[in-house]
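Asks: So the protein sequences, as listed, match chains A and B.
Take the first sequence: its position 12, counted from the start at 1, is 94 in this note's numbering, and no numbers get skipped.
Take the second sequence: its position 248, counted from the start at 1, is 518 in this note's numbering, and no numbers get skipped.
Quick one: structure below, then a few questions.
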Amino acid sequence: MNVLLQIWAGYARLTRRWPGIAAIIPFIPVLALWTAVSEAGLFPRAFFPGPADVIRAFFTLTYKGILPDYLQDSLIRLATGAAVGMALGIPLGILIGTSRWAHRICWPVLLFFQAIGDIAWLPILLIWFGFGLTTMTFVIVYTVLFPVVLNTVLGVESVPRDLSRAALSLGASRARVLWEVTLPGALPNIITGLRNGLGYGWRALIAVEMIVGTSGIGFMMFDARRAGSTVEIILGMIILGLLWYIVDAWILAPLERATGQRWGLVTS
Amino acid sequence: MKTLSLRNLGKTYFDPYAGAHVTAVHDVSLDVEPGEFISVVGPSGCGKTTILNMIAGFIPYSKGDILLDGKPVHGPGPERGVVFQSFALFPWKTVLDNVGFGPKMRGVPKAERDRIAHEYLALAGLSHAAHRYPNELSGGMQQRVGVVRALANNPDVLLMDEPFASVDAQTRMTLQEELTRIWQERKPTVIFITHDVSEAVFLANRVVVLSKGRVLDEIAVDLPRPRIWDDLVRDDEFKQLSARVLQMVRAA
Chain A
83 MNVLLQIWAG YARLTRRWPG IAAIIPFIPV LALWTAVSEA GLFPRAFFPG PADVIRAFFT
143 LTYKGILPDY LQDSLIRLAT GAAVGMALGI PLGILIGTSR WAHRICWPVL LFFQAIGDIA
203 WLPILLIWFG FGLTTMTFVI VYTVLFPVVL NTVLGVESVP RDLSRAALSL GASRARVLWE
263 VTLPGALPNI ITGLRNGLGY GWRALIAVEM IVGTSGIGFM MFDARRAGST VEIILGMIIL
323 GLLWYIVDAW ILAPLERATG QRWGLVTS
Chain B
271 MKTLSLRNLG KTYFDPYAGA HVTAVHDVSL DVEPGEFISV VGPSGCGKTT ILNMIAGFIP
331 YSKGDILLDG KPVHGPGPER GVVFQSFALF PWKTVLDNVG FGPKMRGVPK AERDRIAHEY
391 LALAGLSHAA HRYPNELSGG MQQRVGVVRA LANNPDVLLM DEPFASVDAQ TRMTLQEELT
451 RIWQERKPTV IFITHDVSEA VFLANRVVVL SKGRVLDEIA VDLPRPRIWD DLVRDDEFKQ
511 LSARVLQMVR AA
């Protein structure tokens, strides 16, 4: 009992000094299990590779320059799609959130198109734009757009009415109210929308790259299947998880906290 | 400083749930002199908040006139400052920037509006909180910021909608005393909405009793200033006035 408590205290001290470690430690059992299963020889090596094989593949592909290139392609596509999705989604969300007429007209249409999932657009997109960047960008923008719009609307509507009234009676014009009250008030929700949108967009991108791609992580994984290279497939999967963790935990989540929690708009 | 006049003011709106027109304010006429402190008191549903919202320009009125220095007012404007029951401070702005918001909207440069904000924060004893965010302050302190934010914009009329209803009883007394002190120093024209009879009498020069959308009576309050609760709780005139107003409100 005493020993367990000491281990726990040591863990608490360690993670307080290096918070990054707290994210790594939970993966140790996962890695151990994976190593054990692959080393036990239950499955053929080519069918179920171990961590060492995947790490070796990582260095080989990095050395050849394939992995950095593909990674860069995927990230640029995601960033472009996210930027366009935000540029369209935030103004649209503000319009719908502030205007009752815009809400009445756009809301049903929005829900209709939201129901047609990103991948469901692929058949017609392939006919219209072919196997190329336009098709991929369309799908990502489409995926990012809905969470951004819906959360922006939610954010705009959640700004207390008294805040706009206060600004107006302090002499603000409607445009200034939008800039000084509506936008900052909706910001935590907008960031939540962006966070969700990027999460969906990242998954959609991999799916589209598998079907449409000529490069990218999704393409790498699907191409590896053709060659029967399980190592590269698993490497791709690990990269997807790691990359998302970095983007979400190191960029998006702190951003969300920095706005909402600082202002007391989001509790906890 | 300008005179505010309500002439036969009325408000009727359509209630979609009841499926009928509801009259919240029947016929209210009132003249407020510059530098006067008026309390409007009445039971809930008497239309007092509706009147304030019409003067502030947040909702349109159905009949009559609201005149500021003879000119009709429509829509919100900086000459009518508002203090809200919900405080309505901007959570993403520091206390200093909240108080400097009105001057900022007038195009006052940053250095000058900071100077104005500091001056008004000092008036409410809040200089130490200038760089904090509203959610870091207690309710009482937040409403002090709400009051000086409205004052820092130099309005002709200060409209206060049950501003102290959501703070605890002790803090409320302190805020009431501070408000009378600030009023004596700056002499703004104030319309103060409340359902608390002793608060109405404590603060005002004149108490307007409202009932079912009409003015029931007006009572002049000539109690000496500065007004302090420790003195007034034992003051016979204060007790009599409060009793009289309370009787009217309860009969209303």
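No residue lacks a Cβ here, since even glycine has one placed at the ideal position from N, Cα and C.
When you compare only the Cα positions, how much space is there between A/Y327 and A/R277?
Replies: Cα-Cα distance, rounded: 12 Å.
Asks: As a quick exercise: from B/I329, B/K374, B/S314, pick the residue whose alpha carbon is nearest that of B/A522.
Replies: If we check each option's Cα against that of B/A522, B/S314 comes out closest.
Asks: Could you check what DSSP says for A/L207 in three-state terms: helix, strand or coil?
Replies: Three-state result, A/L207: helix.
Asks: Listed in chain order, which residues of the region 371-395 of chain B have Cβ atoms closer than 7 Å to some Cβ of chain A?
Replies: Cβ contacts with chain A: F371, G372, M375, R376.
Asks: Using a Cβ cut-off of 8 Å (strictly closer), state whether B/P286 contacts chain A.
Replies: With 8 Å as the cut-off, B/P286 does not count as an interface residue toward chain A.
Asks: For B/P373, does the count of other Cβ atoms within 10 angstroms reach 16, so buried, or fall short, so exposed?
Replies: By the neighbour-count rule (16 or more Cβ atoms within 10 Å), B/P373 is buried.
Asks: Measure from the C-beta of B/V437 to each C-beta in chain A and report whether the shortest distance is under 8 Å.
Replies: Answer no: the Cβ-Cβ gap between B/V437 and chain A never drops below 8 Å.
Asks: Under a three-way DSSP split, which group does A/S350 fall into?
Replies: Note that A/S350 scores 37 on pLDDT, short of 50, meaning its location in the model is unreliable and no value can be drawn from it.
Asks: Give the secondary structure of A/R247 by DSSP, where H, G and I count as helix, E and B as strand, and everything else as coil.
Replies: The answer is helix: DSSP assigns A/R247 an H, G or I state.
Asks: Tell me, please, which residues DSSP counts as bridged to B/P431.
Replies: It should be pointed out that residue 431 of chain B corresponds to Asp in this sequence rather than to Pro. B/D431 is bridged to B/I463.
Asks: So, is the C-beta of A/T349 closer than 8 Å to a C-beta in chain B?
Replies: Note on A/T349: pLDDT 44, under 50, position unreliable in the model; no value is reported.
Asks: Just the Cα atoms here: how many angstroms apart are A/V331 and A/G102?
Replies: In the sequence as presented, Val is not what sits at residue 331 of chain A; that position holds Ala. The straight-line gap from Cα to Cα measures roughly 10 Å.
Asks: For B/P342, which of B/T444, B/S275, B/L407 has the nearest alpha-carbon?
Replies: Checked all of B/T444, B/S275, B/L407; the closest Cα to B/P342 is B/S275.
Asks: Check whether chain B comes within 8 Å of A/P266, counting only Cβ atoms and requiring the distance to be less than that.
Replies: With 8 Å as the cut-off, A/P266 counts as an interface residue toward chain B.
Asks: Who are the neighbours of B/P496 on chain A, taking C-beta pairs under 8 Å?
Replies: Residues of chain A passing the Cβ test: none, with the nearest at roughly 29 Å.
Asks: B/R414 lies in the alpha helix (DSSP H); which residues open and close that run?
Replies: Here the alpha helix (DSSP H) through B/R414 covers 409-421.
Asks: State yes or no: is the C-beta of A/V136 within less than 8 Å of the C-beta of A/I273?
Replies: No, Cβ-Cβ distance for A/V136 and A/I273 is not below 8 Å.
Asks: Let me confirm a value: B/G305 is counted as buried when at least 16 other C-beta atoms fall within 10 Å, else exposed. Which label applies?
Replies: Per the 10 Å Cβ criterion, exposed.
Asks: Take A/G267 and list the residues in its own chain whose beta-carbon comes closer than 6 Å to its own, dropping the five residues that flank it on each side.
Replies: Excluding residues within five positions, the ones whose Cβ falls inside 6 Å are V241.
Asks: At what residues does the alpha helix (DSSP H) containing B/V515 begin and finish?
Replies: Taken as a continuous stretch (DSSP letters only), the alpha helix (DSSP H) holding B/V515 covers 506-521.
Asks: At which residues does the alpha helix (DSSP H) containing A/V112 begin and terminate?
Replies: Counting along the chain, the alpha helix (DSSP H) containing A/V112 begins and ends at 109-121.
Asks: If you measure from the beta carbon of B/A326 to each beta carbon in chain A, is any gap under 8 Å?
Replies: Answer yes: the Cβ-Cβ gap between B/A326 and chain A drops below 8 Å somewhere.
Asks: May I have the straight-line CA-CA distance separating B/V417 from A/V238, to the nearest angstrom?
Replies: Near 26 Å, if we compare the C-alpha coordinates of A/V238 and B/V417.
Asks: Would B/V477 and B/I489 be called neighbours here (beta carbons separated by less than 8 Å)?
Replies: Taking 8 Å as the Cβ cut-off, B/V477 and B/I489 qualify as a contacting pair.
Asks: Leaving out five residues before and five after A/L265 in sequence, what residues of the same chain have Cβ atoms less than 6 Å from its Cβ?
Replies: Excluding sequence neighbours, A/L265 sits near nothing in its chain.
Asks: Following the continuous beta strand (DSSP E) through A/S156, name the residue where it begins and the one where it ends.
Replies: From DSSP, A/S156 is part of no beta strand (DSSP E) but of the alpha helix (DSSP H) over 148-180.
Asks: With a threshold of 8 Å between beta carbons, is B/G347 in contact with chain A?
Replies: By this cut-off, B/G347 is an interface position.
Asks: Among A/G175, A/P190, A/M302, which one has its Cα closest to the Cα of A/L143?
Replies: Closest option to A/L143, Cα to Cα, is A/M302.
Asks: If we ignore side chains and look at the alpha-carbon of each, how far apart do B/M518 and B/G483 end up?
Replies: Taking the straight line from one Cα to the other gives about 15 Å.
Asks: I'd like to know if the region 346-356 of chain B and the region 414-433 of chain B are in contact, where contact means that at least 3 CB-CB pairs between them fall below 8 Å.
Replies: Flag = yes, the region 346-356 of chain B and the region 414-433 of chain B touch.
Asks: For the region 360-385 of chain B, list the alpha helix (DSSP H) runs that are entirely contained and at least 4 residues long, ordered along the chain.
Replies: Counting whole runs of 4 or more residues, the region 360-385 of chain B contains the alpha helix (DSSP H) stretches 365-369, 371-375.
Asks: Comparing the C-beta of A/A161 with each C-beta of chain B, is any distance below 8 Å?
Replies: Taking Cβ atoms only, chain B never reaches closer than 8 Å to A/A161, which makes this a no.
Asks: Apart from the five residues just before and just after A/S350, which ones in its own chain have a Cβ nearer than 6 Å to its Cβ?
Replies: Confidence is the limiting factor: at A/S350 the pLDDT is only 37, short of 50, which leaves the residue's position unreliable and the question unanswerable from this model.
Asks: Give me the Cα-Cα distance between B/E432 and B/A470, rounded to the nearest whole angstrom.
Replies: When rounded, the distance between both Cα atoms is 10 Å.
Asks: Give the interface partners of A/R247 over in chain B, defined as CB-CB distance under 8 Å, in chain order.
Replies: Ordered by position in chain B, the residues that pass the 8 Å Cβ test against A/R247 are A326, F328, P346, V352, F354, A358.
Asks: Tell me the start and end of each unbroken beta strand (DSSP E) in the region 295-341 of chain B that is at least 3 residues and wholly inside, in chain order.
Replies: The region 295-341 of chain B contains these whole beta strand (DSSP E) runs: 307-311, 333-338.
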